[in-house]
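Working notes for the structure below.
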Amino acid sequence: MPETIGVEDFLKVDIRVGRVVAAEPFPEARKPAIKMRVDFGPGIGERKTSAQVTRHYTPEALVGRQVLAVVNFPPKQIGKVMSECLVLGTPDDAGEVVLLRPDHEVPLGGRMY
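Per the working numbering, the very first residue in the sequence shown carries number 56; after that it's consecutive.
If you want it as structure tokens, here you go:
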């Protein structure tokens with residue numbers, strides 16, 4: 056059973072809607088991955104990241120897609136990429152990442168609640 060947290064803990068995690076504006080293969084990664092730039096709109100701007108999502112997505116298919124990402128983790132060096140956000144996903148039956156996104160188009164930078 057997962058650890059119980061309070062609402063105040065949940066509110067510390069800043070999850071926002073962004074749009075992938077650029078994506079390319081990340082051949083230097085240990086596992087197949089894609090480098091992305093995600094635009095979170097005014098106030099947050101663009102952030103770089105990488106994700107192991109090559110089973111279900113190509114770089115071309117990611118560009119223009121809205122995604123959900125944590126924007127308040129500290130930057131983390133992942134290979135040659137300084138990751139500035141964490142794009143969120145969940146595993147499919149085979150353990151491959153499926154990205155989380157809004158059901159409808161929403162304004163960039165919108166906070167999840």
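Every residue gets a Cβ at the ideal spot worked out from N, C-alpha and C, and that includes glycine.
Just so we're clear, the structure is a prediction, and the values are computed from it rather than from any experiment.
- Query: If you drop the 5 nearest sequence neighbours on each side, which residues of the same chain put their C-beta closer than 6 Å to that of A27?
  - Reply: With the chain covering only 56 through 168, there is no way to say anything about residue 27.
- Item | Minimum Cβ-Cβ distance from P146 to chain C less than 7 Å | The structure shown has no chain C; it contains just one protein chain.
- Item | Between the CA atoms of G150 and V75 - distance to the nearest angstrom | Indexing the sequence shown from 1 puts residue 75 at position 20. Indexing the sequence shown from 1 puts residue 150 at position 95. Cα to Cα, the separation comes out at about 23 Å.
- Message: Looking only at its chain, what residues have a beta carbon closer than 7 Å to the beta carbon of M56, apart from the 5 residues adjacent to it on each side?
- Response: To locate residue 56, count along the sequence shown from 1; it is residue 1. So the list is empty, once near-sequence residues are dropped.
- Query: What does a CB cutoff of less than 6 Å around R120 pick up in its chain, not counting 5 residues either side in sequence?
  - Reply: As a first step, residue 120 must be located in the sequence shown, where it is residue number 65. If we look at R120 and ignore the five residues flanking it on each side, its Cβ neighbours are V75.
- What are the boundary residues of the beta strand (DSSP E) that includes E58? Taking the first residue of the sequence shown as 1, we reach residue 58 at position 3. Counting along the chain, E58 falls outside any beta strand (DSSP E), and DSSP gives it neither H nor E.
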